[in-house]
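Read through the structure below, which is laid out as structure tokens, and then see the notes.
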Amino acid sequence: MSEIAIIGAGFIGLASAAALMRDGHRVTLFDPAGVGQGASFGNAGTFAHYACIPVNNPSVFRDLPRFLLSNDSPFRLRWGYLPHLAPWLARFMMSSLPRRYEKSAGALAALLDRAHDGYAPLLANAELARFVRSRECLYLYSNAASFDAARPALDLRRQLGVAFNVLGGSEIRALEPSLAPIFERGVLFANSWHFSDPHGFLQTLYGQLAAQGLTLVRSSVHAVEPSADGAALSVDGATRRFAHVVIATGARSAQFAKQCADPVPLDTERGYHVRFPGAQQLVSRPVGWAERGFYMTPMSDGLRVAGTVELAGFGETRNRSLIDLLTFSSKRALPALDTPDSSWLGLRPTLPDGVPVLGRSRASERVIYAFGHQHLGLTLAGVSGRIVADLIAQRAPPLDLAPYSAARF
Ligand SMILES: Cc1cc2nc3c(=O)[nH]c(=O)nc-3n(C[C@H](O)[C@H](O)[C@H](O)COP(=O)(O)OP(=O)(O)OC[C@H]3O[C@@H](n4cnc5c(N)ncnc54)[C@H](O)[C@@H]3O)c2cc1C
């Protein structure tokens with residue numbers, strides 16, 4: 003049994019705490035915002051084990067100029083952030099070249115392949131399993147041309163083991179009758195599911211772990227000082243020593259990796275959601291609209307419309323036009339929708355190759371990284387927590403971790 007600190011109480015930090023406590027460790031979680039208030043709060047809630055195609059893929063060379071100039075594009079760049087973003091963006095473009103993209107897709111698929119098993123210990127608990135809705139996710143294309151453009155990526159998914167069915171317009175309408183008849187093709191991903199309330203899931207998990215001895219300290223960690231026998235954390239003007247430290251601070255993780263001798267090009271893909279209260283019955287499953295870059299997910303408190311990618315740094319200022327785009331586009335897909343009552347901004351933690359960092363730090367084998375899960379942190383939480391626990395227990399992890407190393411940069 004060791005004293006372990008986890009910095010960050012999102013999906014990755016909580017799942018890591020659960021796995022470490024199953025191994026009998028004593029865990030202290032640090033997060034000034036409390037449980038599940040970062041990107042984990044307002045995501046689309048999908049268990050997207052099929053999502054092995056990263057945003058960095060060859061289609062960006064074709065689509066990026068149009069995306070950056072069009073008003074209905076779900077992909078935006080804040081030009082004032084460009085000087086800061088340029089090195090990340092250059093790596094992102096390099097990572098979109100076919101060979102590198104296929105390598106990223108393979109690395110993601112290998113993790114996603116184990117995502118279901120990773121959740122198994124958590125979902126064996128009835129209180130947690132009640133948040134799961136086992137309805138397959140549906141991804142839609144409003145015209146055959148954009149579906150055809152997506153074919154190479156769908157073919158790669160299939161090669162990497164993802165099972166799906168392609169649907170035509172009438173099959174889509176039969177499955178989801180409230181949708182406007184504007185979708186020509188759909189893809190239904192086998193065995194996918196979603197959470198009815200991702201934040202509720204995390205709160206419940208936290209409540210269970212707290213009852214078993216998990217300590218939550220609502221403070222910001224200012225620095226991590228690694229050493230051979232653990233690491234010291236600077237918190238609230240004091241130093242606290244732990245035998246192991248897990249860095250699970252999502253988009254804010256680069257500062258700690260740097261302190262542990264691993265400079266990583268982590269930035270953020272900002273995403274938004276709007277909520278339509280009481281409208282969850284309009285669809286029976288998460289429904290994505292490919293060209294508009296969002297999902298409409300039935301949640302316990304309404305229909306959550308979540309997505310878009312904005313490259314604009316870490317500020318709090320929301321891009322009103324992306325919120326309007328989500329509202330306008332979802333009403334076009336589901337004409338019965340009324341008016342959203344709230345919106346949310348979240349910071350996806352994204353490395354330019356779209357692959358998370360999972361592994362030991364260069365400075366100390368006792369500092370473990372688990373960050374950079376981009377669009378997939380909910381999906382990959384279980385397997386990431388398991389990997390963290392395996393590394394600390396000196397057990398073999400379920401797959402080769404070389405593709406996820408911080409040293410790849
Ligand atoms: C619009 C949108 C839709 C999405 N949809 C999906 C989806 O359907 N499926 C899916 O799998 N994923 C989805 N994602 C991605 C997913 O939400 C993220 O990958 C995931 O939440 C990342 O979890 P995390 O624990 O790494 O980070 P976070 O949830 O951001 O948690 C990091 C925590 O670290 C804390 N922290 C930061 N700095 C410090 C510090 N110095 N000291 C202490 N604590 C600190 C923060 O307060 C925060 O709580 C979506 C994301 C967005 C934005």
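In this text, residue positions in the sequence shown follow the working numbering: the first is 3, and each later residue adds one.
For every residue, glycine included, the Cβ atom is placed at its ideal position computed from N, Cα and C.
Buried or exposed by the 16-neighbour rule on C-beta atoms within 10 Å, applied to residue i
i, result
"Pro-405", "buried"
"Phe-63", "exposed"
"Leu-84", "exposed"
"Phe-330", "exposed"
"His-246", "buried"
"Thr-341", "exposed"
"Thr-251", "buried"
"Val-168", "exposed"
Distance between beta carbons of residue j and residue i, contact taken as under 8 Å
i, j, result
"Val-248", "Ile-6", "7 Å"
"Phe-32", "Gly-348", "The pair is not a contact, with the Cβ atoms about 20 Å apart (cut-off 8 Å)."
"Leu-110", "Gly-356", "7 Å"
"Asp-199", "Met-301", "6 Å"
"Gly-304", "Arg-277", "5 Å"
"His-201", "Gly-38", "5 Å"
"Pro-228", "Val-369", "5 Å"
"Val-223", "Ile-9", "5 Å"
"Leu-114", "Thr-381", "7 Å"
"Val-266", "Phe-411", "6 Å"
"Ser-98", "Asn-59", "6 Å"
"Leu-403", "Arg-116", "About 12 Å separates the two Cβ atoms, so there is no contact after all."
"Leu-146", "Glu-186", "One point to set straight first is that residue 146 is Ala, not Leu, in the sequence displayed. That belief holds up - the Cβ atoms of Ala-146 and Glu-186 are roughly 5 Å apart, short of 8 Å."
"Ser-323", "Pro-34", "Actually they are not in contact, since the Cβ atoms of Ser-323 and Pro-34 sit about 30 Å apart, beyond 8 Å."
"Ile-184", "Ser-144", "5 Å"
"Ala-383", "Phe-94", "Incorrect: roughly 24 Å between the Cβ atoms, too far for contact."
Residue i - DSSP class collapsed to helix/strand/coil
i, result
"Ser-61", "helix"
"Tyr-208", "helix"
"Met-96", "helix"
"Glu-129", "helix"
"Asp-115", "coil"
"Gly-304", "strand"
"Phe-373", "strand"
"Leu-66", "helix"
"Pro-228", "strand"
"Arg-320", "coil"
"Pro-200", "helix"
"His-86", "helix"
"Leu-216", "coil"
"Val-390", "helix"
"Asp-269", "strand"
"Gly-36", "coil"
Cβ-heavy atom distance, residue i to ligand 1, below 7 Å
i, result
"Leu-380", "yes"
"Ser-42", "yes"
"Asp-238", "no"
"Asn-45", "yes"
"Pro-34", "yes"
"Ser-194", "no"
"Tyr-121", "no"
"Pro-76", "no"
"Ile-9", "yes"
"Phe-94", "no"
"Val-223", "yes"
"Phe-373", "yes"
"His-377", "yes"
"His-201", "no"
"Ile-277", "For the record, residue 277 in the displayed sequence is Arg; it is not Ile. Result no, Cβ not under 7 Å from ligand 1."
"Pro-351", "yes"
"Gln-39", "yes"
"Gly-315", "no"
CB contact below 8 Å: residue i versus chain E
i, result
"Ser-332", "Going by chain labels, chain E is absent from the structure shown, which holds only one protein chain."
The segment 136–149 / the segment 277–291 touching (three or more Cβ pairs under 8 Å): yes
contact_flag[the segment 267–274, the segment 344–352] where n(CB pairs < 8 Å) is 3 or more: yes
Between the segment 305–318 and the segment 75–90, do at least 3 Cβ pairs fall closer than 8 Å? yes
Per the contact definition of three or more C-beta pairs closer than 8 Å, is the segment 110–126 in contact with the segment 15–23? yes
Three or more C-beta pairs closer than 8 Å, one from the segment 66–74 and one from the segment 242–257: is that the case here? no
Per the contact definition of three or more C-beta pairs closer than 8 Å, is the segment 34–54 in contact with the segment 148–166? yes
With three or more C-beta pairs closer than 8 Å as the rule, is the segment 388–403 touching the segment 360–372? yes
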